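Residue numbers (the numbering used here), protein chains in the order written: chain X, 20 to 230; chain C, 111 to 192; chain W, 153 to 699. C-beta atoms are modelled at their ideal positions from N, C-alpha and C, and glycine is treated no differently. Keep in mind the model is a prediction, meaning the values are calculated, not measured.
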C-alpha cells in the first residue's frame with residue numbers, strides 16, 4: 020500500500036478524507052459530552068440565577084479575558100501550521116506547532132494562578148477545602164464554584180491532552196512520511212480548534228453572563 | 111498567500127469579538143446580555159469552524175449537523191418538564 | 153485434522169500470543185472481543201443464577217440483603233456494559249463489516265485494536281469493584297443514593313464504565329467512517345446488507361449518546377472523590393437531572409443492544425427461506441428511524457420520578473411512536489417467510505425464536521409506555537420480564553443466531569447441527585420458563601430488587617428459578633460443541649448456507665486482507681430469487697457422517 024497508514028485505503032487522498040471525517044465525528048461526540056455539562060449548568064442557572072451572578076463576580080475577569088486571547092492566538096498558530104504543512108514547509112510547521120503548544124501551556128499556567136487565587140480566597144468547595152464566601156446565598160454560590168471547577172478542569176484536561184499529542188507528534192516527526200505528517204497536523208488541528216470553541220462558550224457562560 | 115490573509119482576518123475578527131463581548135458585559139441590557147454573549151460566542155465558533163477548521167464537504171457537515179440536532183433534543187426534552 | 157490455524161488464512165497468519173495481541177486485523181480483534189465478552193457473559197450469568205437460587209424460597213436463606221443488592225447491581229453493570237453493548241458490534245460486527253462492504257479492513261485498524269485494550273482496561277476497574285466488595289446502587293447509579301449514601305465501590309465501577317464508553321465510541325467512529333468511505337465499487341447504500349445498516353445506526357447512537365453517560369459518570373465521581381456536589385440537593389443540585397442525563401444515554405443504549413440483533417436476523421431469515429428480504433427499503437430506513445426516535449423517549453423511565461405530568465405525556469406519546477419502526481420490521485420479517493422454502497438449521501431456529509420473543513417483549517413494552525399502566529407496574533418484575541425478553545430473548549438469541557450462521561466463516565469449521573438445534577430449543581424453553589412467570593409476578597405486584605418476598609409469590613418464582621437452570625444449560629452447550637468444532641469440526645466450504653453477501657464470496661476462513669481480488673457489486677443485497685444461486689446446498693449431516 021503506497022503511503023497509507025491503514026491497509027484499507029488505496030490512496031493517501033482517500034485516507035485523508037476519512038481521517039477528517041473521523042475527526043469531525045469525534046468532535047460531534049465530544050460536543051455531546053460538553054453539551055451535557057453545559058446543560059447541568061443551564062439548569063442550575065435557571066434555578067439560582069441571582070446567586071450565580073453574585074458568585075461569578077468573584078472570578079477574575081482580566082485573567083479570564085487574557086486566557087481567552089491566549090487560546091484564540093494558539094488556534095491561529097495551529098491554523099498557520101496547517102497552511103504551512105500543506106505547502107510542505109516542514110521546519111516552519113514545527114515552529115508553529117511549538118508556538119501552539121507553548122500558548123496552551125501559558126493558558127494552563129494562568130488557569131493555575133486563577134485556581135490558586137480562588138483557593139486562597141476560600142472559593143474552592145472541593146477536597147474538603149474551607150469555603151468562605153461572604154456574599155448572599157453562600158449555599159448556591161458553593162454550587163456555582165463546584166460547577167466552575169468541574170467545567171474548567173474538564174476543559175483543561177482536554178487541553179493537556181492536545182499538548183501531549185503535539186509533543187508526541189514532534190518527537191515522531193522525523194520518522195513520519197510527508198503524507199502522515201500532513202494527516203497528523205490536520206487531525207490535531209481540528210481537535211485543538213474544537214477545544215478552543217469549547218472555551219469560547221465557557222468563558223462568557225462562567226465569567227460574563229451572570230454579571 | 112491569500113490563505114494567510116484569510117487566517118489573519120479570522121484572528122483579528124476573533125479578538126474584536128472578544129473585546130466586544132467583554133465590553134458588553136459592563137453595560138446593563140437587561141435580559142439581552144445573555145443573548146448577546148451567546149450570539150457572539152456562536153459567531154466566534156462559526157469563524158473558527160469556517161476559517162481555521164475548513165468545515166467543507168458533505169461528510170464533516172453531516173457530523174456537525176447530527177451533533178447539533180442531538181444537542182437540541184438533549185436540551186429540549188430535558189427542559190420541557192421544568 | 154486438529155490444526156486450528158489454517159495456513160493461508162487469517163488464522164494462520166502468525167500464531168503466537170504476540171501475533172494475536174498486537175494484531176490490527178479486524179477479524180482477530182473480533183476474536184479478542186469474542187473471548188473477553190464470553191467470559192463476562194458467564195460471569196454476569198453466574199450472578200443471575202445465584203439470584204434465582206435465592207429467590208426459589210420466600211425467605212432470604214442463601215445471601216443477605218446486602219449481598220443480594222450487590223449481585224443485581226453487578227449483574228446489571230456487567231451484562232449491560234461488558235456484554236450487551238459491545239456484544240454483536242464488537243464481535244460479529246468487527247469481523248463482518250469490512251467483509252460485507254468489500255474492504256480489506258476497517259478504516260482505522262489500530263484504533264480498532266486500541267478499543268479492545270481500552271475495553272480491557274475499563275473492565276479491570278469493574279472486576280476490581282467485583283472482587284473488592286461490589287456496588288449496591290443498581291446498574292443505574294441513581295443519585296443521590298450513589299453519591300451520598302452508597303458505600304460500595306461506586307467510583308471504581310463508574311470509572312470502569314466511563315472508560316469502556318471510550319472503547320464504544322472508538323468502535324462507533326470506526327464503523328461510521330468505514331461505511332461512508334470504504335464501500336466496494338457498485339455497493340450503493342441501498343445495496344448494503346441490513347446488518348451493515350443496523351451497525352451504522354448503532355454506531356450513530358454510540359457516538360452521540362455515550363458521551364452524555366460519560367458526563368454524568370464524571371459528575372458522580374467528582375462528587376464522591378472531590379466533593380463537588382453537582383447532584384447534591386443540599387446545594388440545590390437536581391438529582392432528577394442525573395436521571396435525565398443517564399437515560400438520554402441508557403434508553404438509546406437499548407437500541408445499541410437490539411439493533412445489531414435485528415441486523416443479524418435480517419441476514420438469516422432470507423437465507424433460510426430462500427427469499428429476498430421483504431420491503432428492504434422499509435427495513436433499512438426503519439433501522440435509522442429507531443436510532444433517531446430512540447433518543448426521544450428516555451422520559452418513560454422517569455414516569456414516577458417527579459418529572460412534570462406534561463413531560464410524562466410527551467414522553468409517553470413518543471414512546472408509542474418508536475414502536476412503529478420496530479413493528480415495520482417485524483411485519484417485513486414475517487412476510488419474508490411467506491411462501492419461502494423454509495429450512496430449520498440452527499441459525500434459523502434462533503432467528504425464529506428471536507422473532508417470537510422480540511415481538512412478545514416489544515408488545516409488553518407498549519404496556520409500559522402507557523403512562524397509567526406504568527405507574528401500576530413500575531419497578532416490578534413486569535419491567536424485568538419486559539426488558540429481559542428484549543435483551544436476552546431478543547439480543548442474546550440473535551447473537552447466537554449470528555454466531556452459528558457465521559461460525560463457518562469465522563473458523564472454517566462446521567459445528568454439529570444436531571447439538572446446535574438441541575441447544576436452540578433448550579434455550580427457548582428455558583428462557584420462557586424463566587421470564588414468562590416474571591410477567592405474572594410483576595403484574596401481581598412483586599417489586600424488583602428484593603431478596604425476600606411474601607409466600608404467595610413462591611409458585612411463579614420456583615418456575616422462574618427452574619427455568620434459569622434450563623436456560624443456563626442452553627447457554628453452556630454451545631461453549632462445548634462450538635469449542636469442539638474448532639478442533640474436530642468438518643472443514644467448512646466457502647458458502648455453506650448458499651447465502652448472498654460479499655462475506656460468502658471469499659474463502660472460509662478469509663485470507664488476511666479479506667479478498668484475493670477486490671469485489672465489485674452488481675446486485676441488491678438479498679438476491680435469493682436470482683439465477684446462479686440454485687446449486688445444491690451444503691449438508692452438514694452428510695459431512696459429519698464421514699469420519
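Against residue i, what residues of chain C qualify as contacts under a CB-to-CB distance less than 8 Å, listed in chain order?
i: residue 332 of chain W; result: 169
Within its chain, find whatever has a CB closer than 8 Å to the CB of residue i; leave out the 5 residues flanking it on each side and keep chain order.
i: residue 145 of chain X; result: 165 and 168
i: residue 270 of chain W; result: 315, 316, 318, 319 and 322
i: residue 328 of chain W; result: 352, 355, 356 and 359
i: residue 383 of chain W; result: 295, 296, 299, 371, 372, 375, 389, 390, 391, 393 and 394
i: residue 475 of chain W; result: 514, 517, 518 and 521
i: residue 696 of chain W; result: For residue 696 of chain W, the pLDDT reaches just 39, beneath the cut-off of 50, and the residue's location in the model is therefore unreliable, although a value from the coordinates is still provided. If we look at residue 696 of chain W and ignore the five residues flanking it on each side, its Cβ neighbours are 566, 568, 569 and 642.
Going by beta carbon distance, what residues of the same chain come within less than 7 Å of residue i, once the five residues before and after it are set aside?
i: residue 285 of chain W; result: 304 and 305
i: residue 236 of chain W; result: 409, 543 and 547
For residue i, which residues of its own chain have a beta-carbon under 6 Å away from its beta-carbon, when the five flanking residues on both sides are left out?
i: residue 499 of chain W; result: 420, 553, 556 and 557
i: residue 494 of chain W; result: 425
i: residue 649 of chain W; result: 423
i: residue 689 of chain W; result: Per-residue confidence for residue 689 of chain W stands at a pLDDT of 40, beneath the threshold of 50, marking its modelled position as unreliable; the derived number appears in the next sentence. Closer than 6 Å at Cβ, skipping near neighbours: 650.
i: residue 361 of chain W; result: 401 and 404
Under 9 Å Cβ-Cβ, which residues of chain X neighbour residue i?
i: residue 237 of chain W; result: Here the premise fails: no neighbours, minimum Cβ distance about 15 Å.
i: residue 397 of chain W; result: 55, 58 and 59
Going along chain C, which residues have a C-beta under 9 Å from residue i?
i: residue 460 of chain W; result: 190, 191 and 192
i: residue 109 of chain X; result: Those within 9 Å of residue 109 of chain X in chain C number zero; the least Cβ separation is about 17 Å.
If you compare alpha carbons, which of the options is closest to residue i?
i: residue 43 of chain X; options: C:150, C:152 and C:176; result: C:176
i: residue 337 of chain W; options: W:669, W:680, W:402 and W:478; result: W:669
i: residue 162 of chain X; options: W:168, W:345 and W:388; result: W:388
i: residue 510 of chain W; options: W:471, W:354, W:583 and W:566; result: W:583
i: residue 318 of chain W; options: W:307, W:342, W:298 and W:234; result: W:234
i: residue 27 of chain X; options: W:207, W:159 and W:254; result: W:254
i: residue 52 of chain X; options: W:364, W:405 and W:333; result: W:364
i: residue 641 of chain W; options: W:571, W:460, W:607 and W:448; result: W:571
i: residue 523 of chain W; options: W:497, W:471 and W:537; result: W:471
i: residue 181 of chain W; options: W:647, W:238, W:474 and W:676; result: W:238
i: residue 126 of chain X; options: X:137, X:87, X:101 and X:194; result: X:87
Per the DSSP calculation, residue i is bridged to which residue(s)?
i: residue 599 of chain W; result: W:532
i: residue 565 of chain W; result: W:643
Taking DSSP as the reference, what is the three-state secondary structure of residue i?
i: residue 384 of chain W; result: coil
i: residue 136 of chain X; result: helix
i: residue 484 of chain W; result: helix
i: residue 163 of chain C; result: coil
i: residue 259 of chain W; result: coil
i: residue 174 of chain W; result: coil
i: residue 190 of chain C; result: coil
i: residue 106 of chain X; result: coil
i: residue 54 of chain X; result: helix
i: residue 228 of chain X; result: coil
i: residue 693 of chain W; result: Residue placement at residue 693 of chain W is poorly supported in this model, since its pLDDT is 38, which falls under 50; the coordinates still yield a value, given next. Helix at residue 693 of chain W.
i: residue 375 of chain W; result: helix
i: residue 157 of chain W; result: coil
i: residue 93 of chain X; result: helix
i: residue 338 of chain W; result: coil
i: residue 2 of chain X; result: Only positions 20 to 230 of chain X appear in the structure, and residue 2 of chain X is not among them; the question remains open.
i: residue 130 of chain X; result: helix
i: residue 649 of chain W; result: coil
Find the residues of chain X that neighbour residue i, judging by a C-beta separation of less than 8 Å, and give them in chain order.
i: residue 368 of chain W; result: 55
i: residue 256 of chain W; result: 26 and 27
i: residue 173 of chain C; result: 40, 43, 44, 46 and 47
i: residue 261 of chain W; result: 25, 26 and 27
So which residues on chain C does residue i lean against when the C-beta distance must stay under 7 Å?
i: residue 209 of chain X; result: 163
i: residue 99 of chain X; result: 117
i: residue 463 of chain W; result: 190 and 191
Can you list the residues of chain X that residue i reaches, using a CB-CB cut of under 7 Å?
i: residue 124 of chain C; result: 91
Counting only Cβ pairs nearer than 7 Å, list the residues of chain W close to residue i.
i: residue 51 of chain X; result: 360, 363 and 364
Under 8 Å between beta-carbons, which chain W residues line up against residue i? List them in chain order, please.
i: residue 144 of chain X; result: 379, 380 and 381
i: residue 148 of chain C; result: By Cβ distance, chain W contributes nothing, its closest Cβ being about 20 Å from residue 148 of chain C, past 8 Å.
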